[in-house]
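Engineer: Protein chains in written order, with my numbering: chain A, 187 to 470; chain C, 47 to 502.
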């Protein structure tokens, strides 16, 4: 009887250990394409490259944080601006991988492209260990980005109207200079001032530079900032119209192969009205 | 001869490179760009290739705090011991008439290295610069590098133009090596001169008036076109250089050329492996123009050619990495024998050729502790005279040491450096005056080094 009980206890412990292991493992690994990142390797890389800003605890309180603007990301909260998932959701491993690879423009976060894919995947795995959210939740399916319609004059015009209607101008300004009436009052989720993106000067966004990236930003919002998701307010077609209008504001834009440049047509006149100003970009 | 060789070696010891000013500017720790400073890692290579820019749209000086000043200085207080074998000394000091004998000479004590005061950064987006006044330990300054670089011309990262005095873009940088001692602090193969040619340089006044020396590791004056892939795994450099060994003024009127190419590829989880090739080709004068028999300074004539060509590799296996270099050298027979081009060559003289290389190993236990060692060799493949010993002037060198960085910070750097280095130059010591042989025994020199290497 005792022996049987012992067997049951051991079996229970093994099951529990297995279950615990199964729960912990996803947060210790990342999966990007065919690459599996491991947190144990990522820890060493984090210490070499990231700890100065993001801190040993991943809370964004590294020794350089006081001098960095915008402030380094706090990984503990599990809140990330750049996601392909709906607002409030965790990012996918690939989202984090892209952020590490691309860097965050207009911040101190450089593109870490020179690191190997394996190293970046390892870093993603380690970053995920800082937040319990990665152990408790799973990211939703990425927001779909439908095919881009033609960026013609009509689309830009409709986008212009949406820009007014959606009150984008209150932060980004009537002409996209980032100087709307609310611009000076904006703060992020940690209470730090955060300026809206200046479309007239910026050619890259924090979360990418293609039209598809911009579409995704509008649909997901930028968690931790005042930039909301428009997924419930805009249809896909309307979102594309807004993308085309915002692109027309970018007089310095250099389009990547992934993005089709808007056929500006009448927007040329609009572009000419815009004045080059220093870039203040954090909201995007 | 020994004094000449020792003097040459001491003058070769390069100031090493690390730039806390960049760490302060970008709030990144030294370890972000350096495997162990001053040796660059993949991210540091890309940062340098981009023109000291991170590419986050905050590189132009307009984004910098006005109080920021891009100055770094570096110096190394140290204790070191230098020893050399087979020095010719008087049997009774002060009385050369009683004969000479071989003796080891050893000195040791506290010392300090030269001072680097380095300013580098961006003048504007895609325009970078560097100015590096560097002194020897007596405080005598020279400009180690001075250049302006136009980055990403026409928006193309394959087109970057640098003008001024700069380091040749080779995969294995002597300026960023992890050795500091008199014997270990430079690559023998980057500065090798055949024995006969070194004899000529030591005795011929031409060498004091026209710079005939050449070192692959020395910074050169000229213009460079270079380019790189987005992650800097693929890189090239082509340069047109004044043939004056980077010295200011116009002591010579010919040009040298430099080409290098290297490519990195990822091997599974092991990391990025890089291989490359390079070639340097140029000319040097063999005599001077004269006026009433007196040399006209700067009027070098009778230029004769030389080249160095080689292969490089950087191989990573987890915490171990290997820097490998192979060099083949060739000097025109007039340079090799120190003969003026308007004079007849010695009977039987041939153009000297040689091969050399090294494997330098780093074990990076952590960003704060690295162990290093290097095996190096140079072998003459053709002596100037067929009657010369086949190993005349060959070199074996071995160095090992460690660097410990007690803190990893974005404001300054400190390394505790310990090193031992041993060099054997075959038949290169001076012979006794009574000897019938023109060659002496092997010359062995060694260094023991403990230093505090700091940069701010």
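Every residue, glycine too, gets a C-beta built ideally from N, C-alpha and C.
Buried or exposed: where does residue 444 of chain A fall if 16 or more other Cβ atoms within 10 Å of its Cβ makes it buried?
Structural biologist: The predicted model places residue 444 of chain A with a pLDDT of 43, which falls under 50 and marks its position as unreliable; any figure quoted below should be read in that light. Burial call: exposed.
Engineer: Note down the Cα distance separating residue 154 of chain C from residue 411 of chain C, rounded to an integer number of angstroms.
Structural biologist: If I take the Cα positions, the gap works out to 31 Å.
Engineer: Name the chain C residues whose beta carbon is nearer than 8 Å to that of residue 289 of chain A?
Structural biologist: Per Cβ cutoff of 8 Å: 100, 101 and 102.
Engineer: Can you give the beta carbon distance from residue 216 of chain A to residue 360 of chain A, rounded, assuming they're within the 8 Å contact cut?
Structural biologist: No, residue 216 of chain A and residue 360 of chain A are not in contact; Cβ-Cβ is about 42 Å, not under 8 Å.
Engineer: Residue 130 of chain C and residue 151 of chain C: beta carbons closer than 8 Å?
Structural biologist: Cβ distance < 8 Å, so residue 130 of chain C and residue 151 of chain C count as in contact.
Engineer: Keeping to the same chain, check which residues put their C-beta closer than 7 Å to that of residue 386 of chain C; ignore five residues upstream and five downstream.
Structural biologist: So the list reads 332, 333 and 348, once near-sequence residues are dropped.
Engineer: Less than 8 Å between the C-beta atoms of residue 483 of chain C and residue 128 of chain C, yes or no?
Structural biologist: It is not a contact, given that the beta carbons lie outside the stated cut-off.
Engineer: For the 8 Å Cβ check, are there 3 or more pairs between the region 259-269 of chain C and the region 203-223 of chain C?
Structural biologist: Flag = yes, the region 259-269 of chain C and the region 203-223 of chain C touch.
Engineer: Compute the beta-carbon to beta-carbon distance between residue 395 of chain C and residue 458 of chain C, rounded to the nearest angstrom, for a pair I have assumed lies under 8 Å.
Structural biologist: The pair is not a contact, with the Cβ atoms about 54 Å apart (cut-off 8 Å).
Engineer: In terms of residues, what are the limits of the beta strand (DSSP E) holding residue 301 of chain C?
Structural biologist: Looking at the DSSP string, the run of the beta strand (DSSP E) that includes residue 301 of chain C is 301-313.
Engineer: Give, in chain order, every residue of the region 343-367 of chain C whose Cβ lies closer than 8 Å to some Cβ of chain A.
Structural biologist: Of all residues in the region 343-367 of chain C, none has a Cβ within less than 8 Å of some Cβ in chain A.
Engineer: Going straight from the alpha carbon of residue 413 of chain A to that of residue 345 of chain A, what length do you get?
Structural biologist: So the alpha carbons of these two residues sit roughly 17 Å apart.
Engineer: Output the distance between the C-alpha atoms of residue 287 of chain A and residue 93 of chain C, rounded to the nearest integer angstrom.
Structural biologist: Going from the Cα of residue 287 of chain A to the Cα of residue 93 of chain C covers about 14 Å.
Engineer: Just confirm the distance between the C-beta atoms of residue 437 of chain C and residue 423 of chain C, as a whole number of angstroms; I'd bet it's less than 8 Å.
Structural biologist: About 11 Å; that fails the 8 Å criterion.
Engineer: Can you give me, in chain order, the residues of the region 231-264 of chain A that have a beta carbon less than 8 Å from any beta carbon in chain C?
Structural biologist: Taking 8 Å as the Cβ-Cβ cut-off against chain C, the residues of the region 231-264 of chain A that qualify are 233, 234, 235, 237, 238, 239, 249, 250, 253 and 254.
Engineer: Check the Cβ of residue 337 of chain C against every Cβ in chain A and list those closer than 8 Å, keeping chain order.
Structural biologist: None at all; the shortest Cβ gap to chain A is about 56 Å.
Engineer: Report the partner residues of residue 466 of chain C according to the DSSP bridge assignment.
Structural biologist: Note: residue 466 of chain C sits in a beta bridge opposite C:446 and C:494.
Engineer: How long is the line joining the alpha carbons of residue 331 of chain A and residue 407 of chain A, rounded to whole angstroms?
Structural biologist: Cα-Cα distance, rounded: 14 Å.
Engineer: For the region 399-418 of chain A, which residues have a beta carbon sitting closer than 9 Å to at least one beta carbon of chain D?
Structural biologist: Any reference to chain D falls outside this structure, whose protein chains are A and C.
Engineer: Short of 7 Å in beta carbon distance, which residues of its chain neighbour residue 435 of chain C, apart from the five on each side in sequence? Order them along the chain.
Structural biologist: Excluding residues within five positions, the ones whose Cβ falls inside 7 Å are 473 and 485.
Engineer: Going by the beta-carbon positions, is the gap between residue 395 of chain A and residue 311 of chain A smaller than 8 Å?
Structural biologist: No.
Engineer: So, is residue 202 of chain C buried or exposed, given that buried needs 16 or more other C-beta atoms within 10 angstroms?
Structural biologist: Under this definition residue 202 of chain C is an exposed residue.
Engineer: Can you name the start and end residues of the beta strand (DSSP E) that residue 123 of chain C belongs to?
Structural biologist: Counting along the chain, the beta strand (DSSP E) containing residue 123 of chain C begins and ends at 123-136.
Engineer: In the DSSP assignment, find the beta strand (DSSP E) that holds residue 353 of chain C and state where it starts and stops.
Structural biologist: Residue 353 of chain C -> beta strand (DSSP E) spans 350-363.
Engineer: Is it the case that the Cβ atoms of residue 318 of chain C and residue 282 of chain C are separated by a distance below 8 Å?
Structural biologist: No; because the gap between Cβ atoms is not below 8 Å, this pair is not in contact.
Engineer: Using a Cβ-Cβ cut-off of 8 Å, state whether residue 436 of chain A counts as contacting chain C.
Structural biologist: It does not; no Cβ of chain C falls within 8 Å.
Engineer: Contact criterion: CB-CB distance below 8 Å. Does residue 491 of chain A meet it with respect to chain C?
Structural biologist: One cannot answer for residue 491 of chain A here, as it falls past the ends of chain A, which runs 187 to 470.
Engineer: Determine the extent of the beta strand (DSSP E) in which residue 388 of chain C is found, giving its start and end residues.
Structural biologist: Premise fails: residue 388 of chain C is in no beta strand (DSSP E) and is neither H nor E.
Engineer: Using the C-alpha atoms, what's the distance from residue 367 of chain A back to residue 341 of chain A?
Structural biologist: So the two alpha carbons sit approximately 26 Å from each other.
Engineer: Report the residues of the region 132-151 of chain C with a CB closer than 7 Å to any CB of chain A, ordered along the chain.
Structural biologist: Result list empty, no residue passes.
Engineer: Under three-state DSSP, which class holds residue 91 of chain C?
Structural biologist: Residue 91 of chain C falls in the helix class under three-state DSSP.
Engineer: Pick helix, strand or coil for residue 339 of chain A, following the three-state DSSP scheme.
Structural biologist: It is helical.
Engineer: What three-state label does DSSP hand residue 221 of chain A in the structure shown?
Structural biologist: Residue 221 of chain A falls in the strand class under three-state DSSP.
Engineer: Should residue 434 of chain A be labelled buried (16 or more other beta-carbon atoms within 10 Å of its own) or exposed?
Structural biologist: Residue 434 of chain A should be labelled buried.
Engineer: When you compare each of A:374, A:432 and A:390 to residue 257 of chain A by their alpha carbons, which one comes out closest?
Structural biologist: Closest by alpha carbon: A:374.
Engineer: Are the Cβ atoms of residue 225 of chain C and residue 445 of chain C separated by less than 8 Å?
Structural biologist: It is a contact, given that the beta carbons lie within the stated cut-off.
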